[in-house]
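**Student:**
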Amino acid sequence: MTELLYLFEDSTECTASVLSCLPTGDGLYAVALDRTIFHPQGGGQPSDIGTINNVSVVKVVHTPEAVLHITDREVAGEVVLKVNSEKRHLHSRLHSAGHIIGLVGDQLGWHATRGNHFPGEARVIFEPHVPASVQLVDCVQFQAQVNQIITQAFVRVLNENNGIRTVTWGDLPAYPCGGTHVKTLNEIGQVEIKKIKLKKGQITVSYALI
Ligand SMILES: [Zn+2]
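Going by the numbering used here, the sequence shown wraps up at 212, each residue one higher than the last.
1) Mark S93 as exposed unless 16 or more other C-beta atoms lie within 10 angstroms of its C-beta, in which case mark it buried.
2) Would the beta-carbon of V126 be found less than 7 Å away from any heavy atom of ligand 1?
3) Going along the chain, which residues of its own chain have a beta-carbon closer than 6 Å to the beta-carbon of L110, five neighbours each way excluded?
4) Touching or not, the segment 20 to 40 and the segment 51 to 71, by the rule of three or more beta carbon pairs under 8 Å?
5) Measuring only the C-alpha atoms, how far is N149 from Q192?
6) Helix, strand or coil: how does DSSP classify E88 here?
7) Do the CB positions of V81 and V20 come within less than 8 Å of each other?
8) Taking the alpha carbon of K196 as the reference point, which residue from L7, C23, V142 has its own alpha carbon closest?
9) Which first and last residues belong to the alpha helix (DSSP H) in which A32 is found?
10) In this structure, how does DSSP classify E123 when only helix, strand and coil are distinguished?
11) Taking the alpha carbon of P122 as the point to measure from, which residue in A210, Q154, T168 has its own alpha carbon closest?
12) Could you tell me which residues DSSP puts in a beta bridge with Q204?
13) Determine the closest residue to D50 out of V57, A155, P42, with distance taken between C-alpha atoms.
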C-alpha cells in the first residue's frame, strides 16, 4: 500500500522507502513506494514527472494494486522524491479550471461527464440535465462566468468522507476528486473558452489558460 500524500498536501519534495523496483521489459523500471507525492495520471489529468534520488520519473500510473513510478534506472532503499513543481502547478491550474468550467456548465443546465486537462487539449464534456431542453451555450458568456468565479480568489477546501476525498474552493459545491488543485482560485489566472461544440446532444467545451 502506498500512502498518497498528494491528496492532502502540496509538497513537491519528500523522502520514502522503495517497496519494489521491477524492470518493465522496455528498459524502464516500475517503482512502488511506501508513500508518494507524485500524482499518477488519472481523472483526465497528466501524471507528475520528477526524480527519485536524481533518477528520472517519466510517468506515474495508478494500477488497482499500486501507484507505480516509471523510472529510467533502478532505485532502492531510502530515497528522495522531487516533483517537477513547474509542471505540477500548470497541471493543477488546468485541472482546477476544469472544475470551474464544470460548475458554470452546471449553472447553465449541463452536467460534466468527463474531462481532459492535458496542456494544449483541455476540454470538458457535458450532457444536458434534461435531454429535451438542450440550449446552446455562448462562448463569450461562458468565459465571462468562469473568470468571474476565478477572480474571487476562493481558498481550497479539502475533505474526506468515507475514504473519498472531495475538493472545492470557498463555499462553491464540492466534488469527489483525486487530482491536484490550486490553493486559491486566482492562481489559475484567466481562462479562454476556445470553442463550444454541440454533437449528439453533448457539448464539448475546449479551453486554455491565458
Ligand atoms: Zn479535481
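Every residue, glycine too, gets a C-beta built ideally from N, C-alpha and C.
**Tutor:** Reading from the atomic positions:
1) The count along the sequence shown starts at 1 and reaches residue 93 at position 91. Looking at the sequence shown, residue 93 is not Ser but His. It counts as buried.
2) The residue given as residue 126 occupies position 124 in the sequence shown. Answer for V126: no, Cβ out of range of ligand 1.
3) Within the sequence shown, numbered from 1, the residue matching residue 110 stands at position 108. V139.
4) yes
5) What you label residue 149 is simply residue 147 of the sequence shown in a count that begins at 1. What you label residue 192 is simply residue 190 of the sequence shown in a count that begins at 1. Whole-angstrom Cα-Cα distance: 6 Å.
6) The residue you call residue 88 lines up with position 86 of the sequence shown. The answer is helix: DSSP assigns E88 an H, G or I state.
7) On the sequence shown, position 79 is the one that residue 81 refers to. On the sequence shown, position 18 is the one that residue 20 refers to. Contact: yes.
8) Counting from one through the sequence shown, the residue named residue 196 turns up at place 194. Here the closest residue by C-alpha is V142.
9) Numbered from 1 along the sequence shown, position 30 holds the residue referred to as residue 32. Looking at the DSSP string, A32 is not in any alpha helix (DSSP H); the run it does join, the beta strand (DSSP E), is 31 to 35.
10) On the sequence shown, residue 123 is found 121 positions in, with the first residue counted as 1. Residue state, collapsed to three classes: coil.
11) Numbered from its first residue, the sequence shown carries residue 122 at position 120. The sequence as given places Gly at residue 122; Pro does not occur at that position. The shortest Cα separation from G122 among A210, Q154, T168 belongs to A210.
12) Within the sequence shown, the letter at position 202 stands for residue 204. The partner list for Q204 (beta bridge, DSSP) reads K201.
13) Here residue 50 refers to the residue found at position 48 when the sequence shown is read from its first residue. The candidate whose alpha carbon is nearest that of D50 is P42.
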